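Data block below; observations after.
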Amino acid sequence: MKKGFSLVEIMVCVGIIFVIIGAIFYVFKAGREFISTVSLKLELLDEVRNALRFMEKEIITSRVSFLNIPADDNFYNSLTFKIPQDIDEDGNITWSPD
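All residue numbers for the sequence shown refer to the working numbering, where the first residue is 1045 and numbers rise by one.
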């Protein structure tokens, strides 16, 4: 009786090893993509927090002002703010010129 492995047995073992290695690489690739996605989401969240802090700071340091929106049903892409020049005792506001 001969001792050893036949060619078919070796081919089956090699095939099984390739399947296992492929599965391991797939898991690593999926993990790397997941970590990359989470990292990008955290970076975006950090940028949003910074923007909100900036807006909060600007709102806290702002003064009373009014926003006039024209009633012509058009869309506008800018805001113009006027700085109040003076507020008298009755609460009347003198606005800066246009």
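Ideal Cβ placement from N, Cα and C applies to all residues, glycine included.
For clarity, every value in this text was computed on a predicted model and none was experimentally measured.
Among the residues of its own chain, which have a CB less than 7 angstroms from the CB of serine 1057, if the five just before and after it don't count? Stepping through the sequence shown from its first residue, residue 1057 is reached at position 13. Per the sequence presented here, residue 1057 reads as cysteine, with serine not at that position. No residues qualify anywhere along the chain.
Which residues does DSSP pair with aspartate 1130 in a beta bridge? Along the sequence shown, one-based indexing puts residue 1130 at 86. Its beta-bridge partners are Thr1138.
Reduced DSSP secondary structure (H/G/I, E/B, other) of alanine 1115: Position 71 of the sequence shown, counting from 1, holds the residue named residue 1115. The three-state reading of DSSP puts alanine 1115 in coil, since its state is none of H, G, I, E or B.
Using the three-state DSSP reduction, which class does proline 1059 fall into: helix, strand or coil? Your numbering for residue 1059 matches position 15 in the sequence shown. The residue asked about is misnamed: residue 1059 is glycine in this sequence, not proline. Here glycine 1059 carries a helix assignment [DSSP, helix/strand/coil].
Distance, phenylalanine 1062 Cα to lysine 1046 Cα: The residue given as residue 1046 occupies position 2 in the sequence shown. The residue given as residue 1062 occupies position 18 in the sequence shown. When rounded, the separation of the alpha-carbon atoms in lysine 1046 and phenylalanine 1062 is 28 angstroms.
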